[in-house]
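Colleague: Residue numbers (this note's numbering): 1 to 87. All C-beta atoms, glycine included, are put in the ideal place defined by N, C-alpha and C. Small disclaimer: the values here were computed from a predicted structure and weren't measured. Here you go, one structure.
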Amino acid sequence: MASGTANAHQTKGDIQQIVDRVRAGDVRTGSRLIRNIEDQNPRATEVIKALFSLTGNAHVIGITGAPGAGKSTLSDALITSYRRQGK
1 MASGTANAHQ
11 TKGDIQQIVD
21 RVRAGDVRTG
31 SRLIRNIEDQ
41 NPRATEVIKA
51 LFSLTGNAHV
61 IGITGAPGAG
71 KSTLSDALIT
81 SYRRQGK
């Protein structure tokens, strides 16, 4: 797939090509993949499954709140703390 999108006619080779482009930092392919995920395109799931095995052991922390609640301040403090711990 030259366009890097997830569509109904993807093959394993197409999926691998998208994975390779995302891993190489191709912004356009990554953006299209995100759009397809947001659109709940079922074929995008196959790409995510292929990428998942390459993700390592990262932790994900979600921070939500109203504007001005201090999300950015909290995020900065968490990042600073983790970096001091060598994480």
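1. Taking the CB atoms as reference points, tell me whether I15 and V47 lie closer together than 8 Å.
2. Rounded to whole angstroms, what is the Cα-Cα separation between A2 and I18?
3. Keeping to the same chain, check which residues put their C-beta closer than 6 Å to that of G30; ignore five residues upstream and five downstream.
4. Give every residue of the same chain whose Cβ lies closer than 6 Å to the Cβ of A50, excluding the five residues on either side of it in the sequence, and list them in chain order.
5. By Cβ distance, which residues of its chain are closer than 8 Å to S75, with the 5 residues on each side in sequence left out?
6. Should A44 be labelled buried (16 or more other beta-carbon atoms within 10 Å of its own) or exposed?
Modeller: In short, the structure shows the following:
1. For the purposes of this step, residue 15 is taken as residue 15 along the sequence shown, with counting starting at 1. For the purposes of this step, residue 47 is taken as residue 47 along the sequence shown, with counting starting at 1. In contact: I15 and V47 (Cβ atoms closer than 8 Å).
2. Taking the first residue of the sequence shown as 1, we reach residue 2 at position 2. Taking the first residue of the sequence shown as 1, we reach residue 18 at position 18. For A2, the predicted model reports a pLDDT of 43, less than 50, meaning its position is unreliable and no value from the coordinates is stated.
3. Within the sequence shown, numbered from 1, the residue matching residue 30 stands at position 30. So the list reads V22, once near-sequence residues are dropped.
4. Your numbering for residue 50 matches position 50 in the sequence shown. Cβ neighbours of A50 beyond the five flanking positions: I15, V19.
5. For the purposes of this step, residue 75 is taken as the residue at position 75 of the sequence shown. These residues qualify, in order along the chain: I63.
6. Within the sequence shown, numbered from 1, the residue matching residue 44 stands at position 44. By the 10 Å Cβ count, A44 comes out buried.
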